[in-house]
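To convert, note that position 1 of the sequence shown is 1 in the numbering used here; the numbers rise steadily by one, no gaps.
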Amino acid sequence: MQKTLRLRRYGALFALIAVILGAFGAHALKDTLIENGTVSTWETAVRYQMWHALALILLSLMPEQQQAPRLTGNCFIVGILLFSGSLYPLALGGPSWLGPITPLGGLCLIIGWVLLARSCTAKNILQG
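See the structure below:
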């Protein structure tokens, strides 16, 4: 129960932050993002964060005896932090050294989806 509750809390927190940052980008930061030509970068960060936040919440509904929710959830959490977390400052003209961090976050997200797909085999579903 603790592990799934943790995933649900992270999912809810990341979703909340995505809504706030989406609104912030559409209103308070709109001119800056347009001037920097990074509106799509900001929107990508928000979109990926929201989708993976929702995925974390759905993962929390999987049976706890399966390892997939925990492993996949950890990949999604790290992926959100690295992928979206690097895109936000980059969209605002942040330091360029953040650029190489973004693909590492994307890789974590991809690995999470692979782990989830792998756990959805008929054998694992029947056992879980």
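Every residue, glycine too, gets a C-beta built ideally from N, C-alpha and C.
Quick check on this structure: which residue in the options has the alpha carbon closest to the alpha carbon of residue i?
i, options, result
"residue 88", "8, 111, 39, 114", "39"
"residue 71", "44, 34, 45, 115", "115"
"residue 81", "5, 6, 48, 94", "48"
"residue 58", "43, 99, 12, 24", "12"
"residue 54", "121, 33, 15", "15"
"residue 6", "22, 104, 73", "73"
"residue 99", "86, 2, 44, 24", "86"
For residue i, count neighbouring C-beta atoms within 10 Å of its own C-beta (all shown protein chains included) and say buried if the count is 16 or more, exposed if not.
i, result
"residue 75", "buried"
"residue 69", "buried"
"residue 102", "buried"
"residue 108", "buried"
"residue 52", "buried"
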